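Here the sequence shown stands for residues 1 to 177, where the numbers follow UniProt numbering. By construction, the Cβ of each residue, glycine as well, lies at the ideal position given by its N, Cα and C atoms. All figures in this text were calculated on a predicted structure; none of them were measured in a lab. This report concerns only the one structure given below.
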Amino acid sequence: MKMLGNIRWKFRTKIRIIFVRNLSNYKSKYNEGEFARQLADQEAGMNKLTVDEYLKNRERYIKKGRAIEGNMAQQAARKEAKAQKITELRKNGLSYSEAKKQAQKWMDTQAALHNPDQIAGGNPLNIGGIGDKSINSSIGSQWKYRIDAVDEQIQSIAKKMTDAERKSTYLNVKLEY
1 MKMLGNIRWK
11 FRTKIRIIFV
21 RNLSNYKSKY
31 NEGEFARQLA
41 DQEAGMNKLT
51 VDEYLKNRER
61 YIKKGRAIEG
71 NMAQQAARKE
81 AKAQKITELR
91 KNGLSYSEAK
101 KQAQKWMDTQ
111 AALHNPDQIA
121 GGNPLNIGGI
131 GDKSINSSIG
141 SQWKYRIDAV
151 DEQIQSIAKK
161 MTDAERKSTY
171 LNVKLEY
């Protein structure tokens, strides 16, 4: 969306990206609700980016890869989530040592989530929460096969925009599975 006073504008053209929930022929190990939640968070994160932010973040990612500061932000989010889980388990009557043990077991299955992922133009410091690690990995690994088409569409539209329009127009992305 583009800001003009209090009015926000976004791309007229919606960019659709299809993700696959079950990548193999074997029985899916993924929770559909969690997959849908993480994909919706990725979509919301992308739609909060201006065209300019997306292009700059993608350019940085292409040149340098994942930003180190993103790892630090993820570590901080994981530390906070673990502390909250310990508190939750303690409120449920567990001893501190048992709560700590169970919280670590839970954390071993969780990832701190960039929304959107850095490969999709996300800010490395923007952590949107914690979620299932295997689902996050599935979505993350699928971006490398989809991002070129997204780049092409956004760059094509951006070429027709002024600098001011690129800085004030938000993406209009729909992530589906």
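Asked                                                                                                                                                   : Found
Which ranges would you report for the alpha helix (DSSP H) in the region 30-57 if only whole runs of at least 4 residues count?                         : 32-47
Since Glu-59 sits in a beta bridge, which residues does DSSP pair it with?                                                                              : Partner(s): none; Glu-59 has no beta bridge.
Mind pulling the alpha helix (DSSP H) runs of 4 or more residues that sit fully within the region 133-159?                                              : 133-143, 147-158
Decide if the region 145-159 is in contact with the region 108-116; the criterion is three or more beta carbon pairs, one per stretch, under 8 Å apart. : no
From which residue to which residue does the beta strand (DSSP E) around Lys-174 run?                                                                   : 173-176
Indicate whether Ala-99 and Arg-90 have their beta-carbon atoms separated by less than 9 Å.                                                             : yes
Would you identify the three-state DSSP class for Leu-131, choosing helix, strand or coil?                                                              : Note that residue 131 is Gly in the sequence shown here, rather than Leu. Looking at Gly-131 - three-state DSSP - the assignment turns out to be strand.
Does the distance from the C-beta atom of residue 181 to that of Val-51 stay below 9 Å?                                                                 : Residue 181 lies beyond the range of the chain shown here (1 to 177); nothing can be said about it.
Examine the Cβ distances between the region 48-63 and the region 161-170 and report whether three or more of them are shorter than 8 Å.                 : yes
Kindly identify the DSSP beta-bridge partner or partners of Ile-18.                                                                                     : Glu-176
Starting from Ala-99, trace the beta strand (DSSP E) both ways and give me its first and last residue.                                                  : No beta strand (DSSP E) holds Ala-99; the alpha helix (DSSP H) holding it covers 96-107.
Would you call Asn-123 buried or exposed, if buried means 16 or more other Cβ atoms sit within 10 Å of its Cβ?                                          : buried
Under 9 Å between the Cβ atoms of Arg-16 and Lys-174?                                                                                                   : yes
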